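The block underneath contains the structure these notes are about, expressed in structure tokens.
In my numbering, the protein residues as written are 47 to 1026.
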């Protein structure tokens, strides 16, 4: 642990692991007095030219005074950060606070006026990067981190003086996206820029993050050489198995077998013919990827050898980590920290492995015995067992093996191979470092991947995941199965932050991001097959045709269940020949009233062959595409052996790389004919089609994502002033000048923060144009009568005690009280039935116009951020969980979808002859609440219940709000890998 410097404690929270432009990692941390020798050594490896650019004069070496100055900081007015790899400095950055004259300054003590403190809100910043590491984006990421540190310490602006010839450093500043000014004086370029994040600076940071993290995954999936460390001397065992799989796949790079137990005279491992080494140090030449298959206790020494050899990434198959208990969790933490120290990323531990089917790579660094068929689907799993099931199913279907009866659960998995195959496969096990977020970054720009399939058991950073998923879904489908939905915690091996967001909320947030969430692995495969092989439907209208009336009706019912709009099924009768299917499908695809077609088939009477039926369907779909009528087609068949393979093109010359076409392929369609997915049940085909319809609609709507409206009557500054007063410490309490690095975020309603009084809540909401119907306290009958007189009859009498609030089922609310007599009678009944008036907290409120009772909420989740929720009040939301959710800030499109996405939405639009209510007013209310919590992150919870929506307008009858210090916005801070 570095020692503290001067009189301020060492700021541990400034330490971070980062991914650089080339995909390698580095560690960023504050510089301490213990770093004196590291600094001197670092400086000796900097070229004279770089030194000249830093100091504006020849500066061959650092004096003792320089070393002291550059290693002793107070972490407030003078701060230095270093980027390190292997424990050695590769770059440094520092700032020094200055006043308006450019002289050294100090942060004024607490209590000094804002004007005086503003005089010391600028700092001078300077960088130095070792020449060997220039071009890796080190300075850019250091600027992000030193900027975040400066903001935390009350600095709002940086100034930098750069020689005109130092174009690389000028580019670092100008490309960062901050608002800046440039001047030229006395042969020096002076740059000044504000440190407040801008839309452009955030966009620049996220673009750099995407490129760096994608590159880090690419390095793992496209190595030029692989070493399997822990290769057994005899066949069998994990290491020897992976080595054999690498060779059998035809890996195009170099392969090395490493085992410290190999005899000293071994130079090759037979019968595999692979170079054998007792240590990685014996390998002549670079090693890009190391597959580690040694006992967990030996892994640290292996990681050190890999780091010293310059290995770029690790696939750790070894078990005995976080899945085994607290000691294993510590071991896992040490593994990640050690690997990142050397600039390496880790897949695992307890991983199943990685696969890349690209012809120029053919990497199978996994426990799967065969390389899957190349294709357009990227597959990520956190579970090795799920990975095994998926890949074994792929092999069975790709090899054309008939599926045994009773294995329906793997049929969908097998369907992936013959249809489109895989581009890449990653199974991360405990997912200690590389995660699904990294794969989304990679797949987003990977030209070999058209569909991303993911099996997730935990989402460590929901806010980032939804952001990345939304961006990826805008260009290619993302389908997710989320395991561990109901346990409320991550699997034992996953050392990630947990979120208390209900599973239904997670589904809504994924849907908002364009992610297709399915329930099972089979559904994952079913949807992936259709999305990867078929065009997106333009709408929900489905044509149904086939030779079985019963199967057609089952398909029709399944369409209605999934919210599709099926056309009447067309029965071709059991006597239908392949040409009848071709003719009917051609007509359906040419019908403008049809967006997709499901073909149903049962065994027929006659001598028609399965291959002929498959050719008829595939040819009709291909011809329609050629006419500009490309629509998705799926086939549902019962007990027709070989049909799924024929429709998928298994055995087509084009499906086998390097295969020569036969002279006369019997029954085969022409080359280039579309492949069609087949399903053994109507429900599975329709569910996959429904996912494609939903995704197609989201893609069309995402082109016009909506807007966050502006309202002229919003008083943002007034609300900020109110919040500052409400959160101010009591008079006499100590003033905390520098905020804590991690402000606590609430995990649920009522768990932290300040619960506002009714008056304060109403005042805050009024700043955003939300009015709450007044409710006057009624501690006794006479006061209740006077309150009713002020408000005007008719009135309602209701308790405000927490245990009775919104509990109409307990008979605690009296409505439509038209006069004093009724009011006094109701008061007596309530106090007799529920208890003394002082315990009930009775209030009188004027009756609102009749309407539909709803509830509007917004709350901050520490993982996902601010979430806006809507549902009908009472049983629908509380008992049935019929509530919809969207991330804040919500757009006008989000608000419209929010109120229409609950199951009980018809009650708002005129159900059973009732009058529709004012949904426009409801949407505006949702948008105003969204603006409130987005503008003021201190508002960690808002609850409006009930909100009575009438035919014209609405009435907010109850409201509560909670404030707390704003949680740290990690998505707006500097780039960094998850802390471990």
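Note that CB positions come from ideal geometry on N, CA and C, so glycine has one too. Note that the coordinates shown come from a computational prediction; the quantities given were computed from them, not determined experimentally.
- Looking at the backbone, the Cα of residue 261 and that of residue 432 are separated by about 26 Å.
- A Cβ-Cβ separation of about 16 Å leaves residue 939 out of contact with residue 756 under the 8 Å criterion.
- Residue 127 is bridged by DSSP to 76 and 139.
- DSSP places residue 86 in the uninterrupted alpha helix (DSSP H) bounded by 82-90.
- Rounded to whole angstroms, the gap between the alpha carbons of residue 695 and residue 611 is 30 Å.
- In the three-state reduction of the DSSP assignment, residue 251 falls in the helix class.
- Assignment of alpha helix (DSSP H) within the stretch 878-961, counting only whole runs of 4 or more residues, yields 883-886, 921-924 and 938-946 in chain order.
- Under the DSSP assignment, residue 425 falls in the beta strand (DSSP E) whose first and last residues are 420-427.
- For residue 212 and residue 139, the gap between their C-alpha atoms comes out near 16 Å.
- For residue 559, the secondary structure class from DSSP, reduced to helix, strand or coil, is coil.
- Looking from the CA of residue 905, the closest CA among 153, 989, 953 and 960 belongs to 989.
- In this structure residue 645 is in contact with residue 631, their Cβ atoms being roughly 6 Å apart against a cut-off of 8 Å.
- Around the Cβ of residue 331, a 10 Å sphere holds fewer than 16 other Cβ atoms; the residue is exposed.
- Counting C-beta pairs with one atom in each stretch, the stretch 606-621 and the stretch 558-567 have fewer than three that are closer than 8 Å, which means they do not touch.
- Contact between the stretch 302-317 and the stretch 421-428 is absent: fewer than three C-beta pairs spanning the two stretches fall below 8 Å.
- Counting along the chain, the unbroken alpha helix (DSSP H) around residue 215 starts and ends at 213-220.
- The DSSP assignment places 656-672 as complete runs of the alpha helix (DSSP H) inside the stretch 639-693, in order along the chain (cut-off: 4 residues).
- With distances taken between CA atoms, residue 64 lies nearest to 255 out of 231, 248, 255 and 141.
- Contact between residue 984 and residue 1007 is absent: CB atoms are separated by about 10 Å, not below the 8 Å threshold.
- Apart from sequence neighbours up to five positions away, the residues of its chain that approach residue 476 with a beta-carbon distance below 7 Å are 367, 368, 369, 378, 394, 395, 396, 539 and 540, ordered along the chain.
- Here the C-alpha atom of residue 175 lies approximately 43 Å from the C-alpha atom of residue 528.
- For residue 907, the closest alpha carbon among the candidates 978, 503, 509 and 89 is that of 509.
- DSSP places residue 483 within a helical segment (H, G or I) once states are collapsed to three.
- Residue burial annotation: residue 297 is buried, with at least 16 other C-beta atoms found within 10 angstroms of its C-beta.
- Residue burial is scored here from C-beta neighbours: residue 849 has fewer than 16 other C-beta atoms within 10 angstroms and is therefore classed as exposed.
- Counting only runs of at least 4 residues, the stretch 578-616 fully encloses the following alpha helix (DSSP H) elements, listed from N- to C-terminal order: 595-607.
- In the displayed model, residue 505 falls within coil according to three-state DSSP, outside both helix and strand.
- Spanning the alpha carbons of residue 258 and residue 628 requires a straight line of approximately 49 Å.
- The closest CA to that of residue 520, considering only 918, 862 and 742, is found on 742.
- Per the DSSP secondary-structure output, residue 393 pairs in a beta bridge with 361.
- Using a Cβ distance threshold of 8 Å, residue 572 and residue 734 count as a contacting pair.
- For residue 233, the three-state secondary structure derived from DSSP is coil.
- In this structure the stretch 857-867 does not touch the stretch 910-924; the number of beta carbon pairs closer than 8 Å is below three.
- Only exposed fits residue 341, as fewer than 16 other CB atoms lie within 10 angstroms of its CB.
- The beta carbon of residue 945 sits closer than 7 Å to the beta carbons of 916, 951, 954, 965, 968 and 969 from its chain, once the five residues preceding and following it are set aside; these are given in chain order.
- Nearest to residue 805 by C-alpha distance, out of 878, 981, 768 and 128, is 768.
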